[in-house]
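Presented below is the structure to which this report refers.
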DNA sequence: GCCGATTAGTTACAGTTGCAACCATCATAG
DNA sequence: CTATGATGGTTGCAACTGTAACTAATCGGC
């Protein structure tokens, strides 16, 4: 999995910000229209893809590292000895993704694994010296990217962003869609 | 492409919000540490995936519709007669994704296509009556989901969110990563 | 101690996605 | 008119990702 193709996001289009053309066939009294460019899930998706795509390309080119691998390394750097399951928790990845990322990191000798004595199903994962070296190289890059995106935003605005993301995630997670859908 | 598997996001883990354990082997003087749960691209990615996953599942179950298909329908509802390339622009999808979504929508008779007379490479796409019917059914659902996530947020906060998303997307797009990476 | 139920982790398979190569059509130059 | 190049759109192929099935090990009675 080492020579991973970069797969950047082409991200071809600035959303036209507004296209308030009334739909001809639907008529003026259509119940509600939805402009994609103002639809929250869409906007978040485009934003996240733009950022992740940029980062993924950079990681792949510079460090031969995929995003899942990076996530695993990031949590192991702060909490060495985690099991794969714990890593999955911490990274919001599923266990298969973690398994594959770990396999790849093992091959690259960036992570090492030892089975736990008392429970031999479980294993303890930690960065190797090489892994730490890569980590120390990636972190400044990641932080620089984040800072570049946020540069110039006043602290109060950053706080607001932080709160908003927290709040939205909490709500999105709590949401049961069961009784939405006014139609049908 | 009709019986599309829902592919919901398991989204298994609340990020532990903080895990400020100092990395034992890295020592106290490591230049910077990065906590994944506070890293903007990561948080955006998790949030967007959570929302999109929920919506994708719901669309698939209720309307037999994928997100790419929905995006195509959404822009065609507001701007009938667009070409596939224009649709790609409007939806921030690449042309292959549009091509496939359109193919699927044609099969389902939710979109129809006619070649342009003056330029027979190009085609004009528009929703059929069936397509409009589906659209009118989906829109309230989509808006209800968005509203459910935003429910209770004061208008000022919503405006702030709107501005922040706009601003972040602008910055992310403008960012050339070329001269980032302080290391290497 | 032994059998069913659980949990950790991996493997297999299928569906999805993206890039690149590809046709078809149009535009421009000679 | 033909050649060259650009553009719209589709297809082939390879990589990625998720679900489900599977193996290995532990746990919980009995």
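Residue numbers (my numbering), protein chains in the order written: chain C, 1 to 184; chain R, 1001 to 1184. Cβ coordinates follow ideal geometry from the N, Cα and C atoms, glycine included.
- In the three-state scheme derived from DSSP, where H, G and I count as helix and E and B as strand, residue 1044(R) is classed as helix.
- CA-CA distance, residue 1090(R) to residue 124(C), rounds to 47 angstroms.
- At least one C-beta of chain R is nearer than 8 angstroms to the C-beta of residue 139(C).
- DSSP places residue 1169(R) within a helical segment (H, G or I) once states are collapsed to three.
- Counting the other Cβ atoms within 10 Å of the Cβ of residue 109(C) gives fewer than 16, which makes it exposed.
- Within the DSSP secondary-structure output, residue 114(C) pairs in a beta bridge with 124(C).
- Contact annotation: residue 1146(R) and residue 40(C) have beta-carbon atoms nearer than 8 angstroms.
- From the beta-carbon of residue 1098(R), no residue of chain C is found nearer than 7 angstroms; the closest lies around 10 angstroms away.
- The Cβ atoms of residue 1093(R) and residue 1131(R) lie no closer than 8 angstroms to each other.
- Scanning 1054(R), 1044(R) and 1098(R) for the CA closest to the CA of residue 55(C) turns up 1044(R).
- Within the same chain, Cβ atoms closer than 8 angstroms to the Cβ of residue 102(C) are found at 72, 84, 87, 111, 113 and 125, the five residues on either side in sequence being excluded.
- Judged by DSSP in its simplified three-state form, residue 65(C) adopts coil rather than helix or strand.
- Around the beta carbon of residue 69(C), a 10 Å sphere encloses 16 or more other beta carbons of the protein chains shown; the residue is thus reported as buried.
- Listed by position along chain C, the residues whose Cβ is nearer than 8 angstroms to that of residue 1102(R) form an empty set, because the closest Cβ is around 16 angstroms away.
- Take the alpha-carbon of residue 1051(R) and the one of residue 1142(R): they are about 11 angstroms apart.
- Here residue 1115(R) is exposed, its C-beta having fewer than 16 other C-beta atoms within 10 Å.
- Taken through DSSP and simplified to helix, strand or coil, residue 143(C) comes out as helix.
- With respect to the 8 angstroms criterion, residue 76(C) and residue 1047(R) are not classified as neighbours on the basis of their beta carbons.
- Taking residue 59(C) as reference, the option from 137(C), 160(C) and 150(C) with the minimal CA-CA separation is 137(C).
- Against chain C, the beta carbon of residue 1109(R) has no neighbour under 9 angstroms; the closest one sits roughly 16 angstroms away.
- Taking CB atoms only, residue 1122(R) has no neighbour in chain C less than 8 angstroms away.
- For residue 1062(R), the closest alpha carbon among the candidates 1150(R), 1156(R), 1098(R) and 1140(R) is that of 1140(R).
- 8 angstroms or more divides the Cβ of residue 1036(R) from the Cβ of residue 161(C).
- No Cβ-Cβ contact shorter than 8 angstroms links residue 1149(R) with residue 34(C).
- If you compare the alpha carbons of 1057(R), 1065(R), 1042(R) and 1032(R) with that of residue 1134(R), the shortest gap goes to 1065(R).
- For residue 1105(R), DSSP records no beta bridge to any residue.
- A residue is called buried when at least 16 other Cβ atoms come within 10 angstroms of its Cβ; residue 1117(R) does not meet this threshold and is exposed.
- DSSP, reduced to helix, strand and coil, places residue 153(C) outside both helices and strands of the structure shown, so it counts as coil.
- Around residue 1099(R), the same chain offers 1084 as residues with beta carbons nearer than 7 angstroms, after the five sequence neighbours per side are excluded.
- Judged by their CB atoms, residue 80(C) and residue 127(C) are nearer to each other than the 8 angstroms cut-off.
- Note: residue 1082(R) is bridge-paired with 1125(R) in the DSSP secondary-structure output.
- Closest in C-alpha terms to residue 105(C), from the list 122(C), 67(C) and 120(C), comes 67(C).
- Look at residue 1162(R) here: in three-state DSSP terms it is helix.
- Against chain C, the beta carbon of residue 1169(R) has neighbours under 8 angstroms at 43, 46, 47 and 50, listed in chain order.
- In this structure, the CA atom of residue 1166(R) is about 11 angstroms from the CA atom of residue 1173(R).
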